[in-house]
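Okay, so here's the structure we're looking at.
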Amino acid sequence: MSKKMGLGKGLQALIPSYEDENKKTLRNITVADIKPNPKQPRQEMDKQKLQELADSIKEHGVVQPIVVREVPDGGYQLIAGERRWRACQLVNMDTIPAVVTEYTNIQAAEVALIENLQRENLNPLEEAVAYQSLINEFGLTQEELSKRVGKSRSYVANMLRLLALPDDVLALLSSGQISNGHARALLALDTDEKKIVAANEIIKKQLSVRETEKLVKELLQNKENRKKKNERAPEMEDLKDQLQGVFGTKVQIKTNSKGTGKLEIEFYNDDDLSRILEILLDDNSHVSRETN
């Protein structure tokens with residue numbers, strides 16, 4: 261069993277030394293014998309940048325070896341360096357320099373993730389999916405995962421929370437139309453519908469993360485105001501009925517989100533107005549309002 265590696269200490273700490281004479285792992289292997297890593301975190305590759313890399317490899321060769329491991333049914337499984345491998349395919353190279361390792365499944369998955377994280381090649385959704393995949397497949401806790409990938413537990417937890425967003429919002433995150441910061445702000449909203457509407461508002465108005473946080477705060481405040489209004493509705497209806505009974509005419513009570521408002525009492529002619537004023541000015545007239 262190989263010694264446990266410090267997976268959070270950088271990619272070079274994960275790859276056996278090329279100079280180690282006891283492990284002759286650096287080889288030129290046939291490009292066609294290499295199979296892609298099914299656990300590759302990155303789902304999208306920029307075709308233009310891949311072609312630029314292919315042109316560079318055609319001119320200068322592969323500067324940094326890829327990392328692979330042998331598989332039981334023959335050939336090799338790619339662990340790190342998929343862009344270099346695919347670029348070699350584009351220019352029809354027969355062989356590619358590779359470090360052949362004996363990584364376990366979890367080590368292979370971790371190295372693939374670490375390489376992409378260090379090269380900043382993953383979008384936030386790909387990173388979150390990769391973390392969740394490691395947790396599900398290998399039974400890791402968030403604490404264990406954070407130590408393995410060299411991130412804080414809170415960072416990993418926040419990335420995983422992104423997966424709670426509706427698919428429409430995740431698609432916008434994956435395509436780069438909204439950022440990680442935008443997505444995290446949307447998590448505070450309580451329904452998928454509100455999150456989708458707010459996400460589209462971000463794109464339409466090109467909102468910054470700070471402006472998005474303000475938008476979310478306003479939406480939450482509106483919800484709270486509606487809740488308070490609904491809670492007070494029966495009480496206000498009862499009060500309106502009492503007032504209409506006292507004045508013998510239609511009464512409207514209008515309130516706003518600040519708790520202020522106005523009381524409207526209808527009258528139909530001068531005599532009706534005088535009658536209502538007498539009631540208002542009569543010290544013996546009163547309207548009782550129950551309070552909790």
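According to this note's numbering, the residues represented by the sequence shown are 261 to 552, in order. Here a beta-carbon is modelled for each residue, glycine too, at the ideal position from N, C-alpha and C.
The alpha carbon of Ile374 has as its nearest neighbour, out of Glu330, Gln402, Asp306 and Gly410, the alpha carbon of Gly410. Annotated three-state conformation of Ile326 is strand, per DSSP. Secondary structure at Val359: strand, using DSSP grouped into helix, strand and coil. Just measuring C-alpha positions, the residue of Arg413, Asp427, Asp354 and Asp530 sitting nearest Lys318 is Asp354. In the displayed model, Gln466 falls within coil according to three-state DSSP, outside both helix and strand. As a beta-bridge residue in DSSP terms, Gln337 pairs with Lys295 and Arg329. With contacts defined as CB atoms closer than 8 Å, Ser434 and Asn383 qualify as a contacting pair. Annotated three-state conformation of Lys318 is helix, per DSSP. DSSP places Arg421 in the helix class (H, G or I) of the three-state scheme. With a cut-off of 8 Å on Cβ pairs, the segment 389 to 407 is not in contact with the segment 341 to 354, counting fewer than three such pairs.
For the pair Gly521 and Gly508, the Cα-to-Cα distance works out to about 22 Å.
For Val351, no alpha helix (DSSP H) encloses it, and the DSSP letter there is neither H nor E. When the beta-carbon positions are compared, Ile462 and Val506 stay at least 8 Å from each other. Apart from the 5 residues on each side of it in sequence, Leu422 sits with its Cβ closer than 8 Å to the Cβ of Pro384, Leu385, Ala388, Leu430, Leu433, Asn440, Ala443, Arg444 and Leu447 in its chain, given in chain order.
When beta bridges are read from the DSSP output, Arg287 appears opposite Ala358.
At a Cβ-Cβ threshold of 8 Å, Val328 and Leu338 count as neighbours. Glu524 has Gln512 as its beta-bridge partners, per DSSP. Excluding residues up to 5 positions away in sequence, Val511 lie with their Cβ nearer than 6 Å to the Cβ of Gln504 in the same chain. Between Met496 and the set Thr472, Leu523, Pro296 and Arg470, the nearest pair of CA atoms involves Leu523. Between Ala390 and Ala340, the CB-CB gap reaches or exceeds 8 Å. Per DSSP, reduced to three states, the secondary structure at Arg344 is helical.
Between Leu405 and Val416, the beta carbon gap of about 6 Å places them in contact (Cβ cut-off 8 Å).
A distance of 8 Å or more separates the beta carbons of Ile326 and Ala292.
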